[in-house]
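Residue numbers (the working numbering): 806 to 984. We treat Cβ as the ideally placed atom computed from N, Cα and C, and that holds for glycine. Quick caveat, the model's predicted, so the values are computed rather than measured.
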Amino acid sequence: MKFLFDIFPVVLFFVAFKFYGIYVATAVAIAATFAQIGWTWLRRRKIENMQWASLAVIVVFGGATLVLQDETFIKWKPTVLYWLFAVALAVAALGFRKNLIRAMMEGQVSLPEAVWGRLLASWVGFFALMGALNLAVAFNFSTDAWVNFKLFGGIGLMLAFVVLQALMLARYIEDKKAD
């Protein structure tokens, strides 16, 4: 359910784009992200930093798209968000010796430091790659193709990556049980 909740603005953006175009879809994505933040606040009284970052990026890039009537800005939004996540993970690890992936997951799984390091590196690499891939699609294909990629390609690649991560972790956990 959390996954569906997290992709709510993207799905609404996609639907609005198909019926009304990029500018209405951008406004819908901004409104949906505000609604998502509001709902989260009402239910938990706490908003995660990633949600704040996502809201800030959609407001800035979506707002620029609407004010300037230039879809280039909204096409940059996923890349900026992906690269922001990659940089945050890398800076926390290199500058502050803090593995944010470990901080988020250590309540669910216990892993050796080396595995946590590989997990962190794979997420940094994945976010960096996704940002570059978004730019490649956004500026080499039609806006319609980019919107389709944003929903199906982006989410599909994210799901595939998470499944691969789970398989890697499951294999390690099985090996540990055998010991």
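For residue i, the nearest candidate out of the options (CA to CA)
| i | options | result |
| --- | --- | --- |
| N939 | L956, S927, L925 | L956 |
| Q874 | V829, M910, A840 | V829 |
| V952 | G912, E876, W846 | E876 |
Backbone CA spacing between residue i and residue j [nearest angstrom]
| i | j | result |
| --- | --- | --- |
| W844 | T838 | 10 Å |
| S947 | A861 | 26 Å |
| P917 | V929 | 19 Å |
| L894 | I906 | 8 Å |
| M855 | L886 | 9 Å |
| V872 | A836 | 15 Å |
| A965 | L972 | 11 Å |
| R902 | F866 | 31 Å |
Residue i and residue j closer than 8 Å at C-beta
| i | j | result |
| --- | --- | --- |
| N904 | L925 | yes |
| G959 | W888 | no |
| I863 | K882 | yes |
| S927 | Q970 | yes |
| L817 | A832 | no |
| F932 | A891 | yes |
| Y977 | V942 | no |
Residue i CB to nearest heavy atom of the ligand SAH below 7 Å
| i | result |
| --- | --- |
| A926 | This structure lacks the ligand SAH, and indeed carries no ligand of any kind. |
Rounded distance between the beta-carbons of residue j and residue i, thought under 8 Å
| i | j | result |
| --- | --- | --- |
| T870 | F878 | 4 Å |
| F813 | Q841 | 6 Å |
Buried versus exposed call for residue i [16 or more other C-beta atoms within 10 Å across all chains shown]
| i | result |
| --- | --- |
| G826 | exposed |
| V820 | exposed |
| A898 | buried |
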